[in-house]
Structure formats: C-alpha cells, structure tokens
Amino acid sequence: MDAIAAPPSFYQLGRRKRIHLVRHAQGMHNVESDKSRDPLASFELFDAQLSPLGWQQVVDQRETVRRSGLLGKIEVVIVSPMSRTLQTAVGIFGGEDQADGLHVTSWQDSNVESRPPIVAYELCRERMGKYECDKRESISQYRSRFPGVDFSLAKDEDEVLWDPNERETLEAVNARAIKFLKWLWERKEKVIAVVSHGVFLQQAMIELFQNKNHYTLPLNNDYDPCSRFKNCEIRSVITFHESMMGLGSDSMICKQQRCGRIENQVLQIRESAKDKIPVEEVEVVT
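Using my numbering, the letters of the sequence shown correspond one by one to residues 20 to 305.
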C-alpha cells in the first residue's frame, strides 16, 4: 500500500514575517485636536512635532523594546517621512546621536552599529490633504535632522502628494496600504517594524486580517485588531502569505482544509500568543 503524504504543516504555508506596527507618539496636533479640529489647518501645526508627552512616550517605549529583546531582532524599520514619525522611529529604534531633540542621559548602552537600519518610505504616510499637520518638509531638511535615516527611496525632494483642497478618501488610503504591504512582502527581511500614523495603520491592520491571501495572527492579544492605535502603541503580528507558499499541488489541500486542520493550527498559535510563548516554540501536530 502506497504511503499517504501528510498534509503540510502550518510552518510550510510559505514565507512568514513578523511585523511590528507602531503609531507615532503624541504630536502637538494630537493635543490640539482633542480640543477642536479647526487648529489642524493652521500653519503653526505644519508637519507637527512630538509634544512633551510624546517624547516621554518614546523614552518609555524605547526602554520596553530594549528590555524585551525586540530591538535586537528587528532587521529594518520602515518609517513615514514626517517629523513625528521620524522622531518616534529614531527615538525608539535608533542611536542616541540621532534623536533630534531628545536628550536622555540614561541611554548609555546605545550602539549605533547594532541598531536596525531606518528607511523612510512615502507609501506609509498618513491620510493626506487639507490639514497642515499632514504636510511634510523637504527631504533635504529631514536628512540634516535625521542623518541616520536612509531617504534613498524618497523620489520627490518637495511635497507633491498633499492637496490643500481635498482630503484623501479612506478608499485611497486602503489602496496605499495594500500596495505598501505588497512592497513589504517583497523585502528580504523577516522581522520588520513600521512606524506610521493612526488612519494608515488601521487600514493596514484591516487589510492584514481580512485579506484571504494572508493568515495573520496577533502576537499580543490585548487589543481589537481593527481598532484605532493609541499614540506610541506597538502591535505585533505574524503573517503568512498563501500566494508565496510554493507547495505545488499541495497548496490546494491547504486551501480546502483552511477551516479544518489549518484552523486548528491557527488556534494553537493564537493560544501561544495569549500565553506569551514565542511562535517558533509552538509544536504543531499535523
């Protein structure tokens, strides 16, 4: 009797990535918007900087990331080219000499060479248009302020995406999120941090959890995956991409059993996330 090949395990479901999504710390525009939306159109909030509370959030999150060991695992940080996101990304993941106004004497262990590279990319910007706080500075200005950030992917020196008369639709933001996630999947790194904005990150999370081509699992279960991010909040997920399985005819088996054997494996990993067990240590029985 011919041996029957076992169905592929969950770890054979193609390439996987750990993505750590980070919303920028509190900006001055966040402080003003709590009072009224009107000031957001003021030039005084152009390319809004972090507030004093925002800087403290960065300090606290940097310490959390360092103590957890996450800092040593991230291979690259992708960041929106805006002051508040750059300040957050460099403040949490960069070296102390890159902090752009953040003065913390306790960061004695900072070693710039051991920090992950930080790459600016336009696709992960906030919903654009009308509000001055969402209009960016020139790339040359950012380069001088954030010398440790790679701006080589910035195609336009000056702002060309922001529209003073029309706010970008959520459908357009979602389309950008889809394009961005596809670009992220094509990168070689497996552990990636993304520092972006509330609306964009929310659309990205919705896409990750609702797209049928992904198996996405939260690695910290204390949030609603599709809810709005808090300032300086980090949400970590592991995502598997079906279109990159490369399993030949076996891939059809996986799709047919998605709600059966595969779903049971998903539940095992979900339980491991609740128990704070690293996904790599979960034993999957096929």
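Just so it is clear, CB atoms sit at the ideal spot from N, CA and C, and this is done for glycine as well.
Item checked: Enclosing beta strand (DSSP E) for Leu225 [first to last residue] -> The residue you call residue 225 lines up with position 206 of the sequence shown. It is Ile, not Leu, that sits at residue 225 in the sequence shown. Taken as a continuous stretch (DSSP letters only), Ile225 belongs to no beta strand (DSSP E), being part of the alpha helix (DSSP H) at Gly217 to Gln229.
Next item on the list: Check Lys36 in the structure and name its three-state DSSP category.
Entry: Taking the first residue of the sequence shown as 1, we reach residue 36 at position 17. Three-state result, Lys36: strand.
Check: Are Arg37 and Ile257 touching if we call contact CB-CB under 8 Å?
Finding: Within the sequence shown, residue 37 is the residue found at index 18, counting from 1. Within the sequence shown, residue 257 is the residue found at index 238, counting from 1. Yes; because the gap between Cβ atoms is below 8 Å, this pair is in contact.
Notebook entry, point to check: Quick one: any contact between the stretch 220-240 and the stretch 65-80, if contact means 3 or more CB pairs under 8 Å?
Noted result: no
Next item on the list: Give the C-beta separation of Pro71 and Val96 to the nearest angstrom, bearing in mind that I take them to be a contact with Cβ-Cβ under 8 Å.
Entry: On the sequence shown, position 52 is the one that residue 71 refers to. On the sequence shown, position 77 is the one that residue 96 refers to. That belief does not hold up - the Cβ atoms of Pro71 and Val96 are roughly 24 Å apart, past 8 Å.
Note to self: Does Asn283 come out as helix, strand or coil in the three-state DSSP assignment?
What the structure shows: Along the sequence shown, read from residue 1 onward, the residue named residue 283 stands at position 264. Low local confidence applies: a pLDDT of 40 at Asn283 is under 50, so the model's placement there is unreliable, with the coordinate-based value given in what follows. Looking at Asn283 - three-state DSSP - the assignment turns out to be helix.
Notebook entry, point to check: How about Arg103 and His43: are their beta carbons less than 8 Å apart?
Noted result: On the sequence shown, position 84 is the one that residue 103 refers to. On the sequence shown, position 24 is the one that residue 43 refers to. Yes.
Next item on the list: Count the other CB atoms, across all protein chains shown, that sit within 10 Å of the CB of Cys245; report buried if there are 16 or more and exposed otherwise.
Entry: Position 226 of the sequence shown, counted from the start, is the residue given in the question as residue 245. With fewer than 16 other Cβ atoms within 10 Å, it is exposed.
Next item on the list: Please determine, among Ser157, Lys149 and Arg162, the residue with the shortest C-alpha to C-alpha distance to Val138.
Entry: Here residue 138 refers to the residue found at position 119 when the sequence shown is read from its first residue. Of the listed residues, the one whose Cα sits closest to Val138 is Arg162.
Checklist line | Extent of the continuous beta strand (DSSP E) run through Phe170 | finding: On the sequence shown, position 151 is the one that residue 170 refers to. Unbroken run through Phe170: none, as it is neither H nor E.
Margin query: Could you give the first and the last residue of the continuous alpha helix (DSSP H) run that contains Phe199?
Written below: Along the sequence shown, read from residue 1 onward, the residue named residue 199 stands at position 180. First-last of the alpha helix (DSSP H) with Phe199: Leu189 to Glu205.
Checklist line | Beta-carbon contacts of Phe228 that lie in its chain and below 6 Å, excluding the five residues immediately before and after | finding: Here residue 228 refers to the residue found at position 209 of the sequence shown. Excluding sequence neighbours, Phe228 sits near Thr235 and Pro244.
Note to self: Going by beta-carbon coordinates alone, are Leu142 and Phe199 separated by less than 8 Å?
What the structure shows: Mapped onto the sequence shown, residue 142 falls at position 123. Mapped onto the sequence shown, residue 199 falls at position 180. A contact, by the Cβ cut-off of 8 Å.
Margin query: Can you look up Ser268 in the DSSP assignment and give me helix, strand or coil?
Written below: As a position in the sequence shown, residue 268 is number 249, starting the count at 1. Note that Ser268 has pLDDT 33, beneath the 50 cutoff, so the model's placement of it is unreliable and the number below is only indicative. In the structure shown, Ser268 sits in coil (DSSP, three-state: anything other than H, G, I, E or B).
Check: Per DSSP, which one or two residues make a beta bridge with Arg42?
Finding: Locating residue 42 in the sequence shown gives position 23, counting from the first residue. Per DSSP, Ser215.
Next item on the list: Can you have a look at Thr19 and say buried or exposed, based on whether 16 or more other CB atoms are within 10 angstroms of its CB?
Entry: The structure shown does not extend to residue 19, since the chain spans only 20 to 305, so no value can be given for it.
Notebook entry, point to check: Using the C-alpha atoms, what's the distance from Ile225 back to Glu205?
Noted result: Taking the first residue of the sequence shown as 1, we reach residue 205 at position 186. Taking the first residue of the sequence shown as 1, we reach residue 225 at position 206. Looking at the two C-alpha atoms, the distance is approximately 20 Å.
Item checked: Secondary structure of Arg162, DSSP reduced to three states -> Here the question's residue 162 lines up with position 143 in the sequence shown. Helix, per DSSP.
Notebook entry, point to check: Cβ of Thr107 less than 8 Å from any chain C Cβ?
Noted result: Here chain C cannot be found, since the structure has a single protein chain.
Check: Do you know how far the Cα of Asn232 is from the Cα of His48?
Finding: Sequence index remark: in the sequence shown, residue 48 carries index 29 (1-based). Sequence index remark: in the sequence shown, residue 232 carries index 213 (1-based). Whole-angstrom Cα-Cα distance: 36 Å.
Note to self: For a quick check, are the C-beta atoms of Ile86 and Gly148 less than 8 Å apart?
What the structure shows: As a first step, residue 86 is located in the sequence shown; it is residue number 67 there, counting from the start. As a first step, residue 148 is located in the sequence shown; it is residue number 129 there, counting from the start. Checking the sequence, you will find Arg at residue 86 rather than Ile. The answer is no: Cβ separation not under 8 Å.
Notebook entry, point to check: Unbroken beta strand (DSSP E) runs of length 3 or more, entirely within the stretch 86-114: which are they?
Noted result: 95-98
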